[in-house]
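Protein chains in written order, with the numbering used here: chain A, -13 to 87; chain B, 23 to 921. Even for Gly, the Cβ is constructed at its ideal location relative to N, Cα and C. Notes follow once the structure below has been shown.
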Amino acid sequence: MLYIPCPHCGLRNETEFHYGAEAGVAYPDPNALADSDWAKYLHIRANPKGWLAERWVHFAGCGRWFNLWRNTVTHEIGPAYLPFTEQPKSPGNIGQEGQKV
Amino acid sequence: MSEISFIFDDNIYKGQQGEPMAAALLRSGLLTITNSTYHGRPRGVVGLGVEEPNALVQLVSGTQESMRPATVIEMAEGLAARSLTGIGALPELPDEARYDKANRYVDTLVIGAGVAGLKAADEALRAGHEVLLIDDQPGPGGHLRHLGMELPSPLKDILVHKNLTYIPRCTATGLYDQNYIVAVERRSDHLGDAAPLNRARIRVWHIRADRVVLAPGAFQRPLIFANNDRPGIMLSHAAATYVALHGVRIFKRAVVVTVDNQGYRDALRLHQAGVHVHAIYDVRPDAQGASVDAAKAAGIPVRLRTTVLDTTANAEAALQSVILRDLNTNEIVETTADLLAVSGGWTPIVDLATHIGIKPTWSAKHAAFLVNHAINQLQTAGMLAGDFGGDDDPAVFFGPALDDEQARNAYIDLQRDATLHELRRAVGAGLHSIEHIKRYTTIGTAHDQGKTSGMLTIGALCQLNATAQGGNSVLSPADVGTLSFRPPYVPVPFAALAGRERGPLSDPIRITPIHPWHVEAGAVFEDVGQWKRPWYFPKQGESMDDAVRRECVAAREGVAVMDASTLGKIDIQGQDAGVFLDRIYTNMFSTLPEGQCRYGLMCKADGIAFDDGVATRLGKNHYLMTTTTGGAAGVLAWLEEWLQTEWPELKVYCTSVTEHISTIALVGPKSRQLLQELVTNVDLSKEAFPFMHSRMATIDGTTVRIARISFSGELAFEINVDWSDARSIWERLWSLGRPYDLTAYGTETMHVLRAEKGYVIMGQDTDGTQTPHDLNMSWIVSKKKEFIGKRSLQLPYLQQAGRPQLVGLLPEQGDEVLPEGAYITALDAKPDEQGKTNHTGFVTSSYYSPTLGHAFALALIANGLNRMGEVVAVPIGKKGLRATICDAVFIDKENLRRD
């Protein structure tokens, strides 16, 4: 049970949140993209072993979306930050796709 | 302690209040408790606690728990149990006991109230922490309790410290990320008949701690040898405790087999309690230490480099003799004994630590896996951290070399009846990973989850691998694998996990303000999400089919009314509301005039339609969106996600108003006439109040909003009214409805009516892969503006021929309602060589239409829109039905009835 620091409400149990995959994937201009790039935006998200900036929503609390550094291997939780604000530094090495742990 | 009597397998026995049932059974001479699950071999008590693999009982008193080890059941007045052969039976009566849950946040949680745990608690208290101390035993002290020793006074004192909460009989069952612990406290079983009725029998604790100290102690482990499962063969610490502490007097002559000094300490306890200890057989070449000296001083003979090979049984199938081998000379000796006390070393309880992925590390010095590193404010103490105390110098030894015949009766997992022979077979079959071997042999999969057998398996694999490599040296367990466990640490009754959320409390029930009327009218309800919705309203003696036909006819020919309050409603306000809805819906909403309604469809970014409904523009910057009953929460979350994470510049505010506004649908050719009787300030004529318009009106002084929206194709009015006024408006309709033969209808009739018009229900007529085009709704897809999903609709795979498309289906036999979900095949489809026939689609909605006078259906059929008139097969079992593909609109294609 992750203990997640909602930027608005403080530390709350994971059951109050929904996961929103990789953070920082902006909605692109759909018409500027080739089919394959558009499909990539739709379906491909980073899923590395190690630290990853993710989106979460505190659906059972304030209802707000925010971003969070989390280690996908150790489940350590890093800093949370609001959308459209500067991303804090990763607490450790950023995870790589397909990396052996 | 007071003497009590209890029933076991229909006989009455005596025991001491509070002692383990296993002690009372042994003292009564019950060496054999049960037969093993698969091999039917007699088995008796082996251990002291939750690690017990044999002595399972089913309680027949109290809540009749179906399976518990006799070693952990505390004796109490009124207790009754029967023996089990490994497979429990659920009691026939429902469990009426009370269960509850509690949350706790603490600075420091200490798991285990042995000496190490108490010391850790003491340190935390000195640092000013608030401490929670939990332990699965009835009292503090850990192994001191088994030795019958008092806690030393400084440690005893902390139990009454104001910053410490101590909970006995509370087992930590799971350790999760960021120091989240689930623990199960048994609060009343030990009181037996005296338990207060209102006390929760089990409380499940959910604990979040800044810091956790794991001090769970260790289990003694057995050894692998032939016929190591006979009644009378016990772990030495258990045997010594039952004899010395609990007064078990049934053993006359004991043999102690050991790999460490624990065997010497237990031999001495047995000796001092009056058991003749024939000898201690120690596998080590040398034994040193105070424990060894003390045993020798008591006159107990010691044989080094000797261990047990096999045993024999007497007529009662209990232990008769022990066969030993001198490992230097290979000399075999046999000696009689009624107790074989085995000390195979200690296995610290690594279970909880491994729940969060910590890998225990092998320590040859301790002959054990340990967890002695601290991460994330998680620390270990006591035996788990390698603090074994005493003078132990254990050998890394799990059992002697055995031939094939001996291996067949050399048990590794007593509860699963899994032997060394089976382990060898697994390895012979090419399995190397301990995880694979576990699944192949079932070792470690019983109720005890390998508490004693896990380490034995790793040990046996070391010896097998060493033999395979031709060497004599035993490999290190670290080379073979490590122990890992999943929660829960001990079995937890489902009733405890459910707590009070049972029956009507298992899920919230949502009802509309008109619900009591439906109940009085005899409605049959269906669950739609958490909502209770009237399904149909049967009159005296009516079947469901009868009722639905009557309700359909009323809606099509007279006037009928439905409570549509469960419709999801989202109030959308702000200066950019129109722009926002243009992006959300596939069609335009910014151009919708105030006071008008429009049906809208929304897609996810992948172009797949996911919800629909009518939105009404209530003001310049104000819309009311309706969603499907089940989709309301998901749609609101979806809107918020876009507003918060992509378009923060839009000034738009979304609020769920599902339970603020109640909706009553008045449907049928006579609906206008009936409603006009009630509404005097608005002209309801089709000229003054066109279709898809919305007007504020007054009914008996109550303000309502009436909209010309139809989900049936009939002339219809939706009356939207404040939730608290809905019941009175509904009753008012009925007070005037008699002359019109006003009829209440439920969701089934609603479905028939909408399906007759080919109106889609998201999630019923779609399977999460349909675009608007697949639903024959290209008309709703704007070409002029951007909306979510538009780009995806241009992708080739969403445009390719052959995609399933929504069409109508007319069964060949008019009274045959096709089953929803039934597969559809081409008429000439033939099974391939595997006997499989490719389907071409499936039935999504299917009903009998009283208006049409025959059955009809909606279906998703590959390329269906281009196959109008084609006859297809609907194979149902042996029955081959046929149907014709047709347009999905069955009634009033010209939309003449709605005005």
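Only those residues of the stretch 798 to 821 of chain B whose C-beta falls short of 8 Å from the nearest C-beta of chain A are listed: E808, K812, R813, S814, Q816, L817, P818. Linking Y767(B) to A879(B) through their CA atoms gives a straight-line distance of about 21 Å. Taking 9 Å as the threshold, the shortest C-beta distance from E668(B) to chain A falls below it. Approximately 11 Å separates the beta-carbon atoms of V234(B) and A403(B); this is outside 8 Å, ruling out the contact. In the DSSP assignment, P897(B) forms a beta bridge with G902(B).
For A231(B), none of the residues of chain A pass the 9 Å Cβ criterion, the least Cβ distance being about 11 Å. Note on G836(B): under 16 other CB atoms within 10 angstroms of its CB, so exposed under the neighbour-count rule. Fewer than three pairs of CB atoms, one per stretch, sit closer than 8 Å, so the stretch 314 to 321 of chain B makes no contact with the stretch 338 to 353 of chain B. R65(B) is the residue among H212(B), R65(B), G296(B) whose C-alpha sits nearest the C-alpha of N250(B). G214(B) has its alpha-carbon roughly 16 Å from the corresponding atom of I34(B).
Listed by position along chain B, the residues whose Cβ is nearer than 8 Å to that of D21(A) are Q816, L817, P818.
Approximately 19 Å separates the beta-carbon atoms of Y845(B) and A777(B); this is outside 8 Å, ruling out the contact.
The stretch 707 to 720 of chain B makes no contact with the stretch 750 to 769 of chain B, as fewer than three CB pairs between them are under 8 Å. With distances taken between CA atoms, E579(B) lies nearest to P691(B) out of Q471(B), P691(B), R639(B), E671(B).
W801(B): not part of any alpha helix (DSSP H); DSSP gives it neither H nor E. Annotation: L54(A) has no Cβ neighbours in chain B at a cutoff of 8 Å; minimum Cβ distance is about 13 Å. Neighbours of L38(A) across chain B, judged by C-beta separation under 7 Å, do not exist; the nearest C-beta is about 15 Å away.
In the three-state DSSP reduction, W669(B) falls in the coil class, being neither helix nor strand. For K806(B), the three-state secondary structure derived from DSSP is coil. Distance from the Cα of P416(B) is smallest, within the candidate group S867(B), A142(B), R813(B), R243(B), for R243(B).
Close CB contacts of I246(B) within its chain, under the 7 Å cut and outside five residues either way in sequence, are with F420, G421, A432, I434, L442, L478, A482 (chain order). Annotation: the continuous alpha helix (DSSP H) that includes R749(B) extends over 748 to 759. Of all alpha-carbon atoms in L147(B), K812(B), L828(B), the one lying nearest the alpha-carbon of N185(B) is that of L147(B). If you draw a straight line from the Cα of V153(B) to the Cα of I189(B), it is about 11 Å long. Put simply, the CB of I156(B) is far from chain A, with every gap to its CB atoms at 9 Å or more.
DSSP places R605(B) in the uninterrupted alpha helix (DSSP H) bounded by 599 to 606. Less than 9 Å divides the Cβ of P370(B) from the Cβ of P238(B). Contact check between the stretch 819 to 836 of chain B and the stretch 898 to 916 of chain B: three or more CB pairs, one atom from each, fall below 8 Å, which counts as touching. Residue pairing by DSSP places D634(B) opposite L623(B) in a beta bridge. Within the model, the alpha-carbon separation for S800(B) versus I721(B) is close to 40 Å. Using a Cβ distance threshold of 9 Å, D593(B) and V679(B) count as a contacting pair. Assigned with DSSP and collapsed to three states, N33(B) falls in strand.
Interface annotation for the stretch 661 to 695 of chain B against chain A: E662, E663, W664, Q666, T667, E668, W669, P670, criterion Cβ-Cβ distance under 9 Å.
Contacts with chain B at 9 Å (Cβ-Cβ) do not include W42(A). Identification of residues in the stretch -8 to 13 of chain A having a C-beta nearer than 7 Å to some C-beta of chain B yields Y13, given in sequence order. Around the beta carbon of D854(B), a 10 Å sphere encloses fewer than 16 other beta carbons of the protein chains shown; the residue is thus reported as exposed.
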